[in-house]
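Chains as they are written, first to last, in full-length UniProt numbering: chain A, 1 to 355; chain B, 1 to 355. The beta-carbon is built from N, C-alpha and C at its ideal position, and this holds for glycine as well. Since the structure comes first, as structure tokens, the remarks are kept for the end.
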């Protein structure tokens with residue numbers, strides 16, 4: 001906390017989503033000025049835009065011209081090129097950066113963060129290492145030694161920046177911290193619900209991208225609504241089963257939240273994972289090539305997550321327990337006929353489900 | 001049962017969905033000829049098509065040229081113009097007709113059905129009378145004095161007839177009957193799951209049409225993905241709350257079935273309720289007029305169900321407990337500004353949900 005006991009917020013990341021969320025926080029630090037310092041620091045990886053530093057542009061124009069053009073972030077968002085400077089003295093760190101940078105950034109922060117600091121992770125995906133899947137909020141807790149909550153939902157960044165109504169989910173084990181994060185994120189147009197199940201929330205955020213690839217395969221095959229609805233539903237069930245099987249504390253109610261069913265629906269109807277997978281089906285090319293052609297350097301998360309989850313399941317001899325995610329992997333990486341996306345969902349043995 | 005103890009199937013209804021489902025049953029009565037009589041009788045409301053009786057056309061061409069053109073129903077589907085003749089001696093009655101005809105038809109059947117007969121209802125909607133909502137399978141049980149199961153799912157009739165892969169849900173309280181219905185309906189392309197919660201299943205089938213109107217209102221307002229995802233998710237929660245509040249035995253798992261989340265997704269992305277509501281928003285006309293212009297005599301179910309649910313909730317002073325369904329009613333029937341669809345979803349009091 002600062003001298004006057006107010007919370008001091010730093011956003012670690014400044015992409016499309018990071019900039020949108022900085023704007024939300026900056027509105028709330030003004031609104032709840034009894035709780036927060038008005039200034040919201042945002043770490044910006046420095047780059048040159050037409051000969052000028054991006055941080056300087058942001059601090060003059062209050063706009064991230066590269067990643068969220070046309071949107072005023074608020075005068076109290078201050079761009080800072082050094083991550084240690086941005087995080088120093090902060091009592092709330094909002095992690096919103098591509099997952100491959102998490103360990104490097106956390107390593108840098110370890111020595112500068114204050115003892116009473118807490119964090120919240122908006123990072124998508126799970127970390128696969130040593131044949132295990134790790135949850136980023138837990139990784140941040142481990143490395144920095146501070147509590148870390150998580151936020152995820154059916155949130156297209158630009159729509160949040162335009163103040164279109166939407167919902168999100170915050171997962172936090174400490175109810176006092178939950179109230180604080182609500183104050184920081186909840187607005188009239190960004191409706192937050194706080195739950196405790198931070199693992200379920202982050203599993204949804206990662207696995208939905210695999211299911212979206214399945215939806216894209218259906219689209220590529222010109223399959224109808226019944227098939228696509230079946231793929232999305234089975235996807236939701238496999239996400240839940242995966243969470244409950246391999247991670248403690250995962251709850252069914254989490255899948256009814258914005259981070260669950262709502263984000264899954266959005267990702268399976270729009271979204272780049274769906275789009276690239278649909279194009280891949282009729283291309284005859286490897287997925288990496290289609291990805292490159294269509295995304296202009298951006299990366300698909302669904303494909304790598306699919307691979308990691310498949311390896312994780314294989315190592316445990318459990319691929320047959322997750323037929324949809326397994327079929328998606330085989331279509332993308334093993335040249336399996338795409339039709340298995342529906343074929344492998346057929347229940348071979350008819351079971352009367354007693355619930 | 002017939003003399004040789006085999007089950008005898010009659011389909012009560014022969015529209016688009018009735019004809020598709022007759023075709024599914026006719027495949028299974030051949031496949032499981034130890035259990036079923038091969039012949040599947042289908043009651044067809046007689047009409048003249050180019051000077052010829054529809055029943056005769058169906059029995060000669062094995063095609064319902066009016067309601068499911070281009071699809072061979074199977075030679076063992078026999079069209080019968082008299083509902084009593086169709087149902088006589090049947091041991092399984094499959095009700096698949098518009099809900100306004102249920103009471104009339106059941107009245108006709110009361111005296112002819114055999115004592116060991118059972119039924120399954122594919123009727124959509126709930127019946128509103130005496131300020132109460134009634135579930136059709138229970139109405140059929142009451143009138144005919146036989147057990148009645150129910151079937152509902154994310155099933156576009158034509159896609160089922162084309163054998164595109166899809167799922168459905170059968171709700172049945174007796175597990176032996178459940179096995180029998182599985183034999184009658186389950187195929188490689190029509191994947192059935194049996195549950196016990198027949199009330200939840202039928203509530204989903206009725207209320208999803210209201211939520212689809214909400215999705216259509218979003219589309220009419222050009223709202224983005226975040227808002228629409230929020231409306232669908234809140235819709236799912238209100239459907240569940242409605243079921244659990246007013247009907248016994250409704251279970252959360254039902255909403256994960258094809259009859260729940262999958263059918264809701266399909267209805268909110270395609271579907272006539274969504275389409276007409278979207279057109280209504282910018283028309284300046286009453287919904288009935290838009291319906292007439294767009295549907296060529298077909299009726300919306302979402303609008304009447306919305307009205308009935310609103311009356312039901314009003315009589316109990318509980319409209320505020322279901323803000324989404326209430327907002328949808330007010331936009332459609334009370335000229336409320338359509339923007340309340342999102343505005344009324346805002347949580348006015350921020351609550352930390354402990355699950």
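Of A:257, A:90 and A:207, the smallest CA-CA separation from residue 312 of chain A is found for A:207. In this structure, the alpha-carbon of residue 63 of chain B lies about 29 Å from that of residue 107 of chain B. Between residue 167 of chain A and residue 153 of chain A, the beta carbon gap of about 6 Å places them in contact (Cβ cut-off 8 Å). Taking a beta-carbon distance threshold of 8 Å, residue 50 of chain B does not count as an interface residue toward chain A.
In the DSSP annotation of this structure, the continuous segment of the beta strand (DSSP E) that includes residue 127 of chain A starts and ends at 127-129. Contact between the region 238-255 of chain B and the region 278-285 of chain A is absent: fewer than 3 CB-CB pairs across the two stretches fall below 8 Å.
Counting only residues of its own chain and dropping the five nearest sequence neighbours on each side, residue 157 of chain A has a CB closer than 6 Å to the CB of 16, 17 and 20.
Annotation: residue 81 of chain B to residue 39 of chain B spans about 16 Å, alpha carbon to alpha carbon.
The region 162-178 of chain B makes contact with the region 190-208 of chain B; the number of CB pairs closer than 8 Å reaches 3 or more. Counting only runs that start and end inside the region 272-299 of chain B, the alpha helix (DSSP H) elements of at least 4 residues fall at 272-281 and 287-295. In this structure, the CA atom of residue 129 of chain A is about 41 Å from the CA atom of residue 345 of chain B. Taking residue 212 of chain B as the centre and dropping the five residues before and after it, the same chain places the C-beta of 267, 268, 271, 273, 274 and 302 closer than 6 Å to its C-beta, in chain order. Apart from the 5 residues on each side of it in sequence, residue 261 of chain B sits with its Cβ closer than 7 Å to the Cβ of 236 and 255 in its chain, given in chain order. In the DSSP secondary-structure assignment, residue 80 of chain A is bridged to A:43.
Using a CB distance cut-off of 8 Å, residue 261 of chain B counts as an interface residue toward chain A. Residue 160 of chain B reaches chain A at 226, counting residues in chain order whose Cβ is nearer than 8 Å. When the five nearest sequence neighbours on each side are left out, the beta carbons in the same chain lying within less than 8 Å of the beta carbon of residue 185 of chain B are those of 21, 24, 25, 28, 151, 168, 170 and 192, in order along the chain. If you look at residue 234 of chain A, you'll find it in the alpha helix (DSSP H) that goes 225-246. Scanning chain B for C-beta atoms nearer than 7 Å to the C-beta of residue 164 of chain A yields 223, 224, 226 and 227, reported in chain order. Shown here, residue 346 of chain B sits in coil according to DSSP, grouped into three states, outside any helix or strand. Taking C-beta atoms as the reference points, residue 197 of chain A and residue 249 of chain A count as a pair closer than 8 Å. Membership of residue 169 of chain B in the beta strand (DSSP E) is indicated by the continuous run 166-171. From the listed residues A:317, A:251, A:183 and A:308, the smallest Cα separation to residue 31 of chain A is found for A:183.
Residue pairing from DSSP leaves residue 264 of chain B without any beta-bridge partner. Residue 195 of chain B counts as buried, since no fewer than 16 other beta carbons sit within 10 angstroms of its beta carbon. Straight-line measurement puts the Cα of residue 90 of chain B at about 16 Å from the Cα of residue 149 of chain B. Here residue 33 of chain B carries a coil assignment [DSSP, helix/strand/coil]. The beta carbon of residue 203 of chain A sits closer than 8 Å to those of 126, 135, 239, 242, 243, 247 and 250, all from its chain and outside the five residues before and after it, given in chain order.
Per DSSP, the continuous beta strand (DSSP E) segment holding residue 132 of chain B begins and ends at 132-134.
Apart from sequence neighbours up to five positions away, the residues of its chain that approach residue 140 of chain A with a beta-carbon distance below 8 Å are 95, 102, 106, 119, 121, 146 and 148, ordered along the chain.
Listed in chain order, the positions of the region 262-278 of chain A with a beta carbon within less than 8 Å of a beta carbon of chain B are 262, 263, 265, 266, 269 and 270.
DSSP places residue 194 of chain A within a strand segment (E or B) once states are collapsed to three. Among the CB atoms of chain A, one or more fall inside 8 Å of the CB of residue 258 of chain B. Here residue 347 of chain A is exposed. Its C-beta has fewer than 16 other C-beta atoms within 10 Å. With a 10 Å radius around the Cβ and a threshold of 16 neighbouring Cβ atoms, residue 315 of chain A comes out exposed.
The Cβ neighbour count for residue 85 of chain B, taken over all protein chains shown within 10 Å, is under 16; the residue is labelled exposed.
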